Amino acid sequence: MEAPVRYRIGDIDIAVISDGYIKLDAGAVMGLIPRLMWEPILGKENIDAEHRMKLSLNCIVARSGDQVLLVDTGMGTKVSGAVRERGFPGEYGLLLDGLKALGLGPEDITVVANTHLHADHCGWNTTFAADGSVVPTFPNARYYVQAGEYEVARHPNERTRGTYFAENFEPLEAAGQLELVEGETELIPGVKYWPTPGHTADHASIALSSKGETAIYTGDLVHHAVQVERPAWIAAFDILPLVSLETKKRLAERALKENALLICVHNPFPGVGRLTERDGRRTFVAE
């Protein structure tokens, strides 16, 4: 298990924790970009014999005042069989170990926020109870989801049904713990949803701001930090690719203007760094 890595943004304490990793087709992650362009950047050693690359499952815990916020919940432990082998191969289900390393249990989380409801971002929203039923993992938490994202997730189409799993979110509504919101919304003091459409129509990143400092948890606005440097490198998974292009440009401008700490969910753990610019060239520098 990766040990949590901690940062501080003003009065907000942030810890990056890992749920493990999944493996996805590298070409799909890089979309229309030819392999001869992206392979030297990602490194041949990071692509396996089946042309797959590891995507980390980096989640964050943010504490502000008496509130404890968990952003995204990884794959969890409910995926098995053919879905795991063919759709989401990898090693995952480690999120609760990361919380334990911070001295936290599921009952200590007061707010959960999902950037979107794809399976690799909300798997630990729920878990199996002793009787085999699926229940919220965090019994004292309010779960925040963008209303438009929830509607799409509940009515998937032929393209999206392979990544929206109802057991990850419908039990939240049944338990009375679900909060549907629209657009920019404060989650805990200093932490807000920041709408970043493109990957999905209602995808929202998380902006953390305190005492003149900023951090941004990107969600799947980027699948690899190179896509912040080069916004035209758009993953095949993005539902609205041209919207994604403009949103990534907006992310880059904000990151430079505010010298924001970027937390990239799928970059190698902990996926944290800043965007720099020199002579018109932008570079993600890991921290």
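If you want my numbering, it's the 1-based position in the sequence shown plus 3. Every residue gets a Cβ at the ideal spot worked out from N, C-alpha and C, and that includes glycine. Computed from a prediction, not measured in an experiment: that's the story for all the values here.
Residue i versus residue j - alpha carbon distance
i: Thr-245; j: Ala-228; result: Here residue 245 is Leu; the residue named in the question, Thr, does not match the sequence. Going by the C-alpha atoms only, they are around 18 Å apart.
i: Glu-123; j: Gly-283; result: According to the sequence shown, residue 123 is Asp rather than Glu. C-alpha separation (whole angstroms): 34 Å.
i: His-119; j: Val-231; result: 19 Å
i: Asp-51; j: Lys-260; result: 37 Å
i: Tyr-24; j: Tyr-95; result: 6 Å
i: Leu-254; j: Val-86; result: 33 Å
i: Ser-59; j: Leu-264; result: 18 Å
i: Ser-212; j: Ser-136; result: 38 Å
i: Gly-101; j: Met-40; result: 35 Å
i: Gln-180; j: Ile-44; result: 42 Å
i: Asn-3; j: Ala-204; result: Nothing about residue 3 can be reported from this structure: the residues present for the chain run from 4 to 290 only.
i: Arg-157; j: His-54; result: 32 Å
i: Arg-145; j: Arg-257; result: 29 Å
i: Ala-6; j: Ile-20; result: 7 Å
i: Thr-188; j: Ser-208; result: 11 Å
i: Ile-112; j: Asp-16; result: 14 Å
i: Ile-297; j: Asn-262; result: The displayed coordinates of the chain run from 4 to 290. Any statement about residue 297 would go beyond what the structure contains.
i: Ala-239; j: His-202; result: 9 Å
Spatially closest choice to residue i from the options, by CA coordinates
i: Val-71; options: Val-82, Gly-84, Val-115; result: Val-115
i: Gly-222; options: Glu-42, Phe-287, His-206; result: His-206
i: Asn-117; options: Ser-136, Cys-125, Met-78; result: Cys-125
i: Tyr-167; options: Trp-236, Val-138, Met-78; result: Met-78
i: Gly-186; options: Ala-169, Gly-193, Gln-149, Ser-212; result: Gln-149
i: Met-33; options: Lys-251, Ile-237, Asn-270; result: Ile-237
i: Gly-46; options: Val-275, Val-194, Glu-256, Pro-271; result: Pro-271
i: Lys-251; options: Met-4, His-226, Asn-262, His-269; result: His-226
i: Asn-128; options: Arg-38, Pro-92, Thr-80; result: Thr-80
i: Lys-57; options: Val-19, His-269, Gly-274, Ala-289; result: His-269
i: Thr-140; options: Gly-93, Pro-159, His-121, Glu-110; result: Glu-110
i: Glu-176; options: Ala-289, Ile-44, Val-138; result: Val-138
i: Asp-22; options: Gly-93, Arg-162, Arg-164, Pro-192; result: Gly-93
i: Gly-165; options: Ala-6, Gly-90, Val-19; result: Gly-90
i: Pro-174; options: Pro-7, Ser-208, Ala-132; result: Ala-132
i: Leu-243; options: Val-288, Pro-200, Ala-210; result: Pro-200
i: Asp-75; options: Phe-172, Met-4, Ala-239; result: Phe-172
i: Asn-143; options: Ala-210, Glu-42, Ala-18, Ala-178; result: Ala-178
Close Cβ partners of residue i (< 7 Å) along its chain, the five nearest in sequence each way excluded
i: Ala-235; result: Leu-248
i: Leu-190; result: Leu-72, Val-114, Ala-116, Tyr-147, Tyr-196
i: Glu-170; result: Lys-81, Thr-129, Val-137
i: Leu-97; result: Met-4, Ser-21, Asp-22, Gly-23
Own chain residues within Cβ distance below 8 Å of residue i, not counting five before or after
i: Thr-286; result: Glu-232, Leu-278, Thr-279, Glu-280
i: Leu-68; result: Strictly speaking, residue 68 in this sequence is Gly, with Leu absent from that position. Contacts found: Ile-191, Pro-192.
Contacts around residue i, its chain only, beta-carbon distance under 6 Å, and the 5 residues preceding and following it disregarded
i: Val-275; result: Ile-266, Glu-290
i: Ser-83; result: none
i: Glu-182; result: Arg-145, Tyr-147
Chain E within 8 Å of residue i, Cβ atoms only
i: Leu-102; result: No chain E is present in this structure, which holds just one protein chain.
Next on the checklist: For a minimum of 4 consecutive residues, which ranges assigned as the alpha helix (DSSP H) are wholly contained in the segment 45-122?
Outcome noted: The DSSP assignment places complete alpha helix (DSSP H) segments of no fewer than 4 residues inside the segment 45-122 at 98-104, in order along the chain.
Next on the checklist: For the segment 48-67 against the segment 95-109, do three or more pairs of beta-carbon atoms, one drawn from each stretch, fall closer than 8 Å, so that the two count as touching?
Outcome noted: Judged by Cβ distances under 8 Å, the segment 48-67 makes contact with the segment 95-109, as three or more pairs qualify.
Next on the checklist: Count Cβ pairs between the segment 6-17 and the segment 209-223 that sit closer than 8 Å; are there 3 or more?
Outcome noted: The segment 6-17, when compared against the segment 209-223, does touch it at the 8 Å Cβ threshold.
Item to check | Given 8 Å, three or more beta-carbon pairs between the segment 16-29 and the segment 142-162 | outcome: The answer is no - the segment 142-162 does not touch the segment 16-29, with fewer than three Cβ pairs under 8 Å.
Checklist entry - Which runs of the beta strand (DSSP E), 3 residues or longer, sit entirely within the segment 133-167? => result Listed in chain order, the beta strand (DSSP E) runs fully inside the segment 133-167 are 137-139, 145-149, counting runs of at least 3 residues.
Checklist entry - What runs of the alpha helix (DSSP H), each 4 residues or longer, lie entirely inside the segment 218-287? => result Runs found: 229-232, 244-261.
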